[in-house]
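These notes concern the structure reproduced below.
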Amino acid sequence: MIKGLIFDLDGVITDTAEYHYLAWKSLAKKLGIEMDREFNEQLKGISRMESLDLILKHGNKENDYTEEEKQELATQKNEEYQHYIEEITHNDLLPGIETLLKEAKEKGIGMALASASKNGPKIIRQLEIDELFDGTVVDPASLSAGKPDPEIFIKGAEVLGLKPEECVGLEDAEAGVESINAAGMFSVGVGSEAAMHKADYIVKDTKELTLDKILEAAEK
Numbered sequence: 004m005i006k007g008l009i010f011d012l013d014g015v016i017t018d019t020a021e022y023h024y025l026a027w028k029s030l031a032k033k034l035g036i037e038m039d040r041e042f043n044e045q046l047k048g049i050s051r052m053e054s055l056d057l058i059l060k061h062g063n064k065e066n067d068y069t070e071e072e073k074q075e076l077a078t079q080k081n082e083e084y085q086h087y088i089e090e091i092t093h094n095d096l097l098p099g100i101e102t103l104l105k106e107a108k109e110k111g112i113g114m115a116l117a118s119a120s121k122n123g124p125k126i127i128r129q130l131e132i133d134e135l136f137d138g139t140v141v142d143p144a145s146l147s148a149g150k151p152d153p154e155i156f157i158k159g160a161e162v163l164g165l166k167p168e169e170c171v172g173l174e175d176a177e178a179g180v181e182s183i184n185a186a187g188m189f190s191v192g193v194g195s196e197a198a199m200h201k202a203d204y205i206v207k208d209t210k211e212l213t214l215d216k217i218l219e220a221a222e223k
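Numbers given in the numbering used here equal positions in the sequence shown, counted from 1, plus 3.
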């Protein structure tokens, strides 16, 4: 019996990927590192510090900065990203998501946010859906490992007071799907068949996410 839905944020509820890309590209340029959209695909679904490490490695500068300096660089990126996300409104919810969230709420299904982004609570407030989550947001600062480690989805189940097998995880990144599967949950992947091939249930985009179909697939 499925009692909870655990959502990734970016690419599932809203799409701030472009803002992340612009902020990382700006920082990389200041460091003399060129990055394009193809390289940016590697940064999806992972933490800020992991992203920074990949960018520095990409530019052969992984040994040029102390941990303290890297924290400052990550802060600079986040400040630019924060500037972009000030513009997010309710209209930036991805198609079909509001209906899915409201139907789940009506049926008494718990919902939690499992995003690597520390800006998750701010973004769901700006999207005007924070009341649907009732504060059930996993704090990325409490995690010891990032996706594809299952910890973030296991904690998502914990904040809902549920067992992992009672939950469905929804993701748009391959590392995220691996995280859901490793947590022992039913995985829903949003994206292409090729990218989401490890998911238990795949939809091309969020418009195809309907509660009845998700529950039917998960409870087979």
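Beta carbons are placed, not taken as given, at the ideal position from N, Cα and C, and that holds for glycine.
- Exclusion of the five residues before and after Tyr204 leaves Val191 and Ala220 as the residues of its chain whose Cβ lies within less than 6 Å of its Cβ.
- For the stretch 108 to 152, the full-length alpha helix (DSSP H) segments reaching 4 residues or more read 123 to 129 and 133 to 136 along the chain.
- With contact defined as three or more Cβ pairs closer than 8 Å, the stretch 25 to 39 and the stretch 158 to 176 are not in contact.
- Looking at the backbone, the Cα of Glu168 and that of Arg51 are separated by about 29 Å.
- When C-beta atoms of the stretch 199 to 217 are compared with those of the stretch 77 to 95, fewer than three pairs fall below 8 Å, so the two segments do not count as touching.
- In this structure, Ile155 sits away from Val140, with a CB-CB distance that is not shorter than 8 Å.
- Under a 10 Å Cβ-count criterion, Ala144 is classified as exposed, with fewer than 16 other Cβ atoms of the shown protein chains found around its own Cβ.
- Glu177 carries a helical assignment under DSSP once its states are collapsed to helix, strand and coil.
- Secondary structure note for Ile205: its beta strand (DSSP E) is the uninterrupted segment Tyr204 to Val206.
- A residue is called buried when at least 16 other Cβ atoms come within 10 angstroms of its Cβ; Gly48 meets this threshold and is buried.
- In terms of Cβ geometry, Leu173 and Val15 form a close pair [threshold 8 Å].
- Check the Cα spacing between Lys150 and each of Lys125, Asp67, Ser182 and Asp39: the tightest is with Ser182.
- Thr17 sits in a strand when the DSSP states are folded into three classes.
- When DSSP states are grouped into helix, strand and coil, Leu12 belongs to the coil group.
- Listed as beta-bridge partners of Phe189 by DSSP are Val171.
- In the three-state reduction of the DSSP assignment, Leu97 falls in the coil class, being assigned neither a helical nor a strand state.
- Look at the beta carbons and you see the stretch 83 to 92 touching the stretch 121 to 129: at least three pairs across the two are nearer than 8 Å.
- In this chain, the alpha helix (DSSP H) harbouring Gly159 covers Glu154 to Leu163.
- With respect to the 8 Å criterion, Ala185 and Phe10 are not classified as neighbours on the basis of their beta carbons.
- For Glu101, the closest C-alpha among the options Glu131, Lys110, Ser195 and Gly113 is that of Glu131.
- When Glu222, Asp215 and Lys223 are compared, the shortest CA-CA separation from Leu103 is found for Asp215.
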